[in-house]
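Enquirer: Each residue of the sequence shown is one higher than the last, beginning at 385 in the working numbering.
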Amino acid sequence: MDKLLTLREYLNEYKKIAIAYSGGVDSTFLMKFATEILGKDNVLGINISSSLQTKRERSLLIDLNANENFNVVSQLIDELNIPGLVENTSNRCYYCKKAIFENIFSIANKHGYKYVFDGTNADDIDDFRPGMKALRELGVISPLKECGLNKDDIRKYSKDLNLITHDIPSSACIASRIPYETKITKENLKQVELAEDLLFQLGYTGFRVRYHDSIARIELKEQDMIPFIENHRVEVYESFKRIGFTFVTLDIIGYRMGSQNELLSEKEKGEVNYHE
Numbered sequence: 385m386d387k388l389l390t391l392r393e394y395l396n397e398y399k400k401i402a403i404a405y406s407g408g409v410d411s412t413f414l415m416k417f418a419t420e421i422l423g424k425d426n427v428l429g430i431n432i433s434s435s436l437q438t439k440r441e442r443s444l445l446i447d448l449n450a451n452e453n454f455n456v457v458s459q460l461i462d463e464l465n466i467p468g469l470v471e472n473t474s475n476r477c478y479y480c481k482k483a484i485f486e487n488i489f490s491i492a493n494k495h496g497y498k499y500v501f502d503g504t505n506a507d508d509i510d511d512f513r514p515g516m517k518a519l520r521e522l523g524v525i526s527p528l529k530e531c532g533l534n535k536d537d538i539r540k541y542s543k544d545l546n547l548i549t550h551d552i553p554s555s556a557c558i559a560s561r562i563p564y565e566t567k568i569t570k571e572n573l574k575q576v577e578l579a580e581d582l583l584f585q586l587g588y589t590g591f592r593v594r595y596h597d598s599i600a601r602i603e604l605k606e607q608d609m610i611p612f613i614e615n616h617r618v619e620v621y622e623s624f625k626r627i628g629f630t631f632v633t634l635d636i637i638g639y640r641m642g643s644q645n646e647l648l649s650e651k652e653k654g655e656v657n658y659h660e
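1) Who are the near neighbours of Asp338 in its chain, counting only those whose CB is closer than 6 Å to its CB and skipping five residues on each side?
2) Whole angstroms are fine: how far does the CA of Arg601 sit from the CA of Glu622?
3) Taking C-beta to C-beta, are Ile568 and Leu469 nearer than 8 Å?
4) Who does Gly459 pair with in a DSSP beta bridge?
5) Which residues in the same chain have their Cβ closer than 7 Å to the Cβ of Phe454, if we skip the five residues on either side of it in sequence?
6) Could you please give the first and the last residue of the uninterrupted alpha helix (DSSP H) stretch that includes Thr438?
7) What's the call for Cys542, buried or exposed, on a 16-neighbour Cβ count within 10 Å?
8) Is Arg594 helix, strand or coil when you go by DSSP?
9) Using the Cα positions of Lys540 and Leu448, report the straight-line distance between them to the nearest angstrom.
10) Can you grab the Cα-Cα spacing for the pair Phe624 / Ser458, in whole Å?
11) Nearest CA to the CA of Ile636: which residue from Leu573, Tyr478, Ile610?
12) So what does DSSP say about Glu603, is it helix, strand or coil?
13) When DSSP labels each residue in this structure, what does Tyr479 get in the three-state scheme?
14) Who are the near neighbours of Tyr405 in its chain, counting only those whose CB is closer than 7 Å to its CB and skipping five residues on each side?
15) If you drop the 5 nearest sequence neighbours on each side, which residues of the same chain put their C-beta closer than 7 Å to that of Glu463?
16) Hey, how far is the Cα of Lys605 from the Cα of Leu586?
17) Counting along the chain, where does the alpha helix (DSSP H) carrying Thr569 start and finish?
18) Determine the closest residue to Arg440 out of Ile421, Phe417, Gly408, Leu422, with distance taken between C-alpha atoms.
19) Would you decide whether Glu580 is buried or exposed? Buried here means 16 or more other CB atoms lie within 10 Å of its CB.
20) Classify Glu397: buried if its beta carbon has 16 or more other beta carbons within 10 angstroms, exposed otherwise.
21) Where do the ends of the beta strand (DSSP E) carrying Val409 lie?
22) What is the DSSP secondary structure of Glu655, reduced to helix, strand or coil?
23) Excluding the 5 residues flanking Lys399 on each side, which residues of the same chain have their C-beta closer than 7 Å to its C-beta?
24) Just reading off the alpha helix (DSSP H) that Ala556 is part of, what are its end residues?
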């Protein structure tokens, strides 16, 4: 059966839903498609605006809301106050997801919505994502995953729906740039955000700046490495020094999703990897 038809039938079983809406590729597609199927009055997007959102992410969300006129409510929280998050153990994502989605369920219930959906897709089950346990504990429904839609599917369908998110690079929480057991602070998050903004302004996409105290480790796509060295090496070094880094390095392997997880042993991953 066609995946979109499967998703349509899946959504029609619920009639009225709330969606955890971040403005990313997945949740935006789900908001758009669900709104077309169920109607605007039956789909509530709930956005949690937080200290872990970058200015660029907030700007994209504003543009989306202006273009699409979704039914959205927002709530501001300071995630650095979530118990267990600042300490940045390998369970960080679990504590954060649980606190955020408890807020989302509370908002949904106040507005008369029983079901909370999220944008987890079929590719996400292959990644190290301890936050999945929190979603299951709270009863969050993941229709994209359940209907077999992967990231490529979602980008294609998003383009068909003329969504501006169809080709934006995948993004992860900015806290994922900080190694486990390194305390998360407003200061080191700001350093990373400023560093990544600079690379973005220089035209790079699909990259990360990993924080290692005085060291910034840049992960680029392989094809961007030589142009970076030839054209931007000195400029980036000097700018990163002004941001507060002492040393600036280029990771010779390049960008890969979740590279900070390479610091974890398989035993540590097993303790928090809840894909049962």
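In this text, a Cβ means the ideal position worked out from N, Cα and C, and glycines have one as well.
Expert: Reading from the atomic positions:
1) Residue numbering for the chain in the displayed model covers 385 to 660; residue 338 lies beyond these limits and cannot be assessed.
2) Stepping through the sequence shown from its first residue, residue 622 is reached at position 238. Stepping through the sequence shown from its first residue, residue 601 is reached at position 217. Their backbone Cα atoms lie some 14 Å apart in a straight line.
3) By 1-based counting over the sequence shown, the position of residue 568 is 184. By 1-based counting over the sequence shown, the position of residue 469 is 85. Taking 8 Å as the Cβ cut-off, Ile568 and Leu469 qualify as a contacting pair.
4) The count along the sequence shown starts at 1 and reaches residue 459 at position 75. The question names Gly, yet the displayed sequence has Gln at residue 459. For Gln459, which the question treats as bridged, DSSP gives the partners Ile432.
5) Residue 454 sits at position 70 when you count from the first residue of the sequence shown. Excluding positions up to five away in sequence, the list reads Met415, Thr419, Gly429.
6) Counting from 1 along the sequence shown, the entry for residue 438 is found at position 54. Unbroken run through Thr438: none, as it is neither H nor E.
7) Locating residue 542 in the sequence shown gives position 158, counting from the first residue. Checking the displayed sequence, the identity of residue 542 turns out to be Ser instead of Cys. Ser542 is buried by the Cβ-count criterion.
8) Numbered from 1 along the sequence shown, position 210 holds the residue referred to as residue 594. DSSP places Arg594 in strand when its eight states are reduced to three.
9) Locating residue 540 in the sequence shown gives position 156, where the first residue counts as 1. Locating residue 448 in the sequence shown gives position 64, where the first residue counts as 1. If you take the alpha carbons of Lys540 and Leu448, they lie about 18 Å apart.
10) On the sequence shown, position 240 is the one that residue 624 refers to. On the sequence shown, position 74 is the one that residue 458 refers to. Taking the straight line from one Cα to the other gives about 33 Å.
11) Here residue 636 corresponds to residue number 252 of the sequence shown, with the count starting at 1. Residue Ile610 is the option with its Cα nearest to Ile636.
12) Here residue 603 refers to the residue found at position 219 when the sequence shown is read from its first residue. If DSSP states are grouped into helix, strand and coil, Glu603 belongs with the strands.
13) On the sequence shown, residue 479 is found 95 positions in, with the first residue counted as 1. Of the three classes helix, strand and coil, the one that applies to Tyr479 here is helix, per DSSP.
14) Locating residue 405 in the sequence shown gives position 21, counting from the first residue. The residues are Ser411, Met415, Gly429, Ile430, Asn431, Val456.
15) As a first step, residue 463 is located in the sequence shown; it is residue number 79 there, counting from the start. So the list reads Ser434, Ser435, Leu436, Leu469, Cys480, once near-sequence residues are dropped.
16) Position 221 of the sequence shown, counting from 1, holds the residue named residue 605. Position 202 of the sequence shown, counting from 1, holds the residue named residue 586. Rounded to the nearest angstrom, the two C-alpha atoms are 14 Å apart.
17) Numbered from 1 along the sequence shown, position 185 holds the residue referred to as residue 569. It is not in any alpha helix (DSSP H) - Thr569 carries neither H nor E in the DSSP assignment.
18) For the purposes of this step, residue 440 is taken as the residue at position 56 of the sequence shown. Here the closest residue by C-alpha is Gly408.
19) For the purposes of this step, residue 580 is identified with residue 196 of the sequence shown, where counting begins at 1. Buried.
20) Translated into positions along the sequence shown, residue 397 becomes position 13. When all chains shown are included, Glu397 counts as exposed.
21) Taking the first residue of the sequence shown as position 1, residue 409 is located at position 25. Where Val409 is concerned, there is no enclosing beta strand (DSSP E), although the alpha helix (DSSP H) it sits in stretches over 409-422.
22) To locate residue 655, count along the sequence shown from 1; it is residue 271. Low confidence applies here, because Glu655 scores a pLDDT of 49, under 50, leaving its location unreliable and the question unanswered by this model.
23) Within the sequence shown, the letter at position 15 stands for residue 399. Correct list, in chain order: Leu422, Asn426.
24) Within the sequence shown, the letter at position 172 stands for residue 556. That residue, Ala556, is in no alpha helix (DSSP H); it is neither H nor E in DSSP.
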